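K.L.:
Take this structure first; my questions come after.
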Amino acid sequence: MAMTGATAVPGRHPGADRGGPVDLAGARILVVRADNIGDVVTTTPALRALRAAAPGARIELLASPAGAAVVPMIPELDGVLVASPSWQQLPGAACGDAAGERELVERMAAGSYDVLLVLTSFSQSPWPVAHLGMLAGIGTRVVHSREFGGAVATHWVTPPPDTTHQVDRALHLLAAIGVPGRGHETALRVPAGAAIAAAELAPDGAFAVLAPGASCASRRYPAELFGAVAARIAQAGMPVRVAGSAAEDELVARVVTTAEHPAVTAVPPVALPVFTALLARASVAITNNSGGMHLADAVRTPVAVAFAGTERTGDLQPRSTRATLLGRPVRCSPCRQLQCPYNHECLDVPPGGLAAAALALAVPGTPLTAKEDRWTPFAPSTP
Ligand code: SF4
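Just so we're aligned: the sequence shown equals residues -2 to 380 in this note's numbering.
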């Protein structure tokens, strides 16, 4: 590990950065990323690097039920440990399931893992899961943190700046234990059965996929405005398939109803690999800052994004495909709110602007303008 010893690094705890390269040959490795679909997609460059460095290792992912749906599309993984751990839940009635957490320790112990790699965003603490790993008997525990965690981790690495892209943050942790990167592009492999199922849902010729869902209300562009976006794209001659999970059925229906155009139709809820395969066939995707955005990026479908100010664009923006992120700069960003306490000014993006951005991505050469546009494109994102 490239340890910095006593060098004074701003924000670095003096006890951090001790350890060294980890021998991963033949190891049983548990990688932790127990949040949402998009977060799992952003781990794919790290998993690629890990597999290349340790071809004979067994690599498993500790994922949430939502994130686990991505696993069948990640060929580097040998298995998944599905859990809804306390450190990923919001405080509330279900908070603090001690029995569930004890059971998780037992499941981790039963996996006989040698190495625990804790991947986090800049705002997440690695210490709760690292502690469970210690209780489960995992000998090598690798984390990023600026906060003191005692002897809980064997490899306590000072993280890069908080503004670092999530992909690069994960690769930084691996580099610290001697694993070189293998590119920054996210990637998924769509199973053949999913591709066949998606072909039956797609129209002939060019089409757009609009995914109006997101994990929280603060990241969702209004359904009625998404309907107007879909209508404009359809009027330009491109059919639009509106898609979401089973829980987003009503939202999808509202978008289709508002669009009032025969070429705007709903896709029935399908498994995540089928949805991803549909994205892969599309000429362009229109999404929020959500899992749909990351999935489109990973299958190289250009994506127009209504990007709420809940997060910084630089941490998460698509970099593997052409993308246009639209939003309004606001002083309250990044807020990380689940519900906007104001009037969602950051998503004050006219539908004409979002539709024009989508068409420009779908048909390269189309000027990225629309008469009534008042939207603000963030810095363009090109692979
Ligand atoms: S307007 Fe501000 S507080 Fe509301 S979601 Fe956007 S960034 Fe967050």
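No residue lacks a Cβ here, since even glycine has one placed at the ideal position from N, Cα and C.
Model, not experiment: these values are computed from the prediction.
1) Does any heavy atom of the ligand SF4 sit closer than 7 Å to the C-beta of residue 327?
2) Please confirm whether residue 241 has its beta-carbon closer than 8 Å to some beta-carbon of chain C.
3) For residue 226 versus residue 348, is the C-beta spacing smaller than 8 Å?
4) Helix or strand or just coil, what does DSSP make of residue 271?
5) Leaving out five residues before and five after residue 211 in sequence, what residues of the same chain have Cβ atoms less than 6 Å from its Cβ?
6) By the DSSP assignment, the beta strand (DSSP E) with residue 58 in it spans what residues?
7) Does the Cβ of residue 335 have 16 or more other Cβ atoms within 10 Å, making it buried, or fewer, making it exposed?
8) Going by C-alpha to C-alpha distance, which of 252, 311, 155 sits closest to residue 11?
9) Assign residue 99 to one of two classes, buried (16 or more other C-beta atoms within 10 Å of its C-beta) or exposed (fewer than that).
10) Skipping 5 residues on each side, what residues in its chain have a beta carbon closer than 7 Å to that of residue 41?
11) Which whole-angstrom value is the C-beta distance of residue 282 and residue 346, which I expect to be below 8 Å?
12) Select from 215, 209, 79 the residue whose C-alpha is nearest the C-alpha of residue 221.
13) Less than 7 Å between C-beta atoms, sequence neighbours within five positions excluded: which residues of the same chain meet that for residue 104?
14) Inspect the beta-carbon positions of residue 300 and residue 318 and report whether they are closer than 8 Å.
15) Any heavy atom of the ligand SF4 inside 7 Å of the beta-carbon of residue 306?
16) Opposite residue 28 in the DSSP bridges: which residues?
17) Which stretch, first to last residue, makes up the alpha helix (DSSP H) that contains residue 344?
18) Can you list, in chain order, the residues of its chain with a C-beta nearer than 7 Å to that of residue 330? Leave out the 5 residues immediately preceding and following it.
19) Need the endpoints of the alpha helix (DSSP H) that residue 186 sits in, please.
20) Output the distance between the C-alpha atoms of residue 119 and residue 17, rounded to the nearest integer angstrom.
21) Tell whether a beta-carbon distance below 8 Å holds between residue 258 and residue 277.
22) In or out: residue 333 buried (at least 16 other Cβ within 10 Å) or exposed?
23) For residue 282, which residues does DSSP report across the bridge?
24) For the stretch 19 to 29 and the stretch 48 to 62, state whether three or more C-beta atom pairs, one from each stretch, are separated by less than 8 Å.
25) Measure the CB-CB distance between residue 51 and residue 22 and report whether it falls below 8 Å.
26) Going by DSSP, what residues sit across from residue 239 in a beta bridge?
27) What distance in whole Å lies between the Cβ atoms of residue 359 and residue 235, which are believed to be in contact at a cut-off of 8 Å?
28) Between the C-alpha atoms of residue 214 and residue 338, what's the straight-line distance to the nearest angstrom?
29) How many Å lie between residue 125 and residue 19 at the Cα?
30) So what does residue 152 bridge to, in DSSP terms?
31) Please classify residue 2 as buried or exposed, where buried requires at least 16 other C-beta atoms within 10 Å of its C-beta.
32) According to the Cβ coordinates, are residue 237 and residue 204 closer than 8 Å?
P.N.:
This is what the structure holds:
1) Flag set: Cβ of residue 327 near the ligand SF4.
2) This model lacks chain C altogether, as it is built from one protein chain only.
3) Yes, the pair counts as a contact, with Cβ atoms nearer than the cut-off.
4) Looking at residue 271 - three-state DSSP - the assignment turns out to be helix.
5) Here residue 211 has 217, 285, 287 as same chain residues with Cβ atoms under 6 Å from its own Cβ, once five neighbours each way along the sequence are excluded.
6) Boundaries of the beta strand (DSSP E) harbouring residue 58: 55 to 60, taken from the DSSP string.
7) By the 10 Å Cβ count, residue 335 comes out exposed.
8) For residue 11, the nearest C-alpha among the options comes from 155.
9) With fewer than 16 other Cβ atoms within 10 Å, it is exposed.
10) Excluding residues up to 5 positions away in sequence, 71, 183, 184, 185, 295 lie with their Cβ nearer than 7 Å to the Cβ of residue 41 in the same chain.
11) Taking C-beta atoms under 8 Å as the contact rule, residue 282 and residue 346 fail to qualify, at a distance of about 16 Å.
12) Comparing Cα-Cα distances from residue 221 to each of 215, 209, 79, the minimum goes to 209.
13) Setting aside the 5 residues that flank it on each side, residue 104 is surrounded in the same chain by 78, each with a C-beta closer than 7 Å to its C-beta; the list follows chain order.
14) Yes. Within cutoff.
15) For the ligand SF4, at least one heavy atom lies less than 7 Å from the Cβ of residue 306.
16) Under DSSP, residue 28 takes part in a beta bridge, and its partners are 58, 114.
17) Counted as a single uninterrupted DSSP element, the stretch harbouring residue 344 is not any alpha helix (DSSP H), since DSSP gives it neither H nor E.
18) Cβ neighbours of residue 330 within its own chain (closer than 7 Å, five residues either side excluded): 306, 343.
19) No alpha helix (DSSP H) holds residue 186; DSSP gives it neither H nor E.
20) The C-alpha of residue 119 lies about 23 Å from the C-alpha of residue 17.
21) With a cutoff of 8 Å on beta-carbon distance, residue 258 and residue 277 are scored as not near each other.
22) In this structure residue 333 is exposed. Its beta-carbon is surrounded by fewer than 16 other beta-carbon atoms within 10 angstroms.
23) 206, 300.
24) Counting Cβ pairs under 8 Å, three or more are found: they touch.
25) Cβ distance < 8 Å, so residue 51 and residue 22 count as in contact.
26) BP columns for residue 239 point to 207, 263.
27) Yes, they are in contact, since the Cβ atoms of residue 235 and residue 359 sit about 6 Å apart, within 8 Å.
28) Distance from the CA of residue 214 to the CA of residue 338, rounded to the nearest whole angstrom, comes to 11 Å.
29) The straight-line gap from Cα to Cα measures roughly 22 Å.
30) Its beta-bridge partners are 139.
31) Because the pLDDT of residue 2 is 43, which lies under 50, any placement of that residue in the model is unreliable, and the number read from its coordinates should be weighed accordingly. With fewer than 16 other Cβ atoms within 10 Å, it is exposed.
32) Cβ atoms of residue 237 and residue 204: closer than 8 Å.
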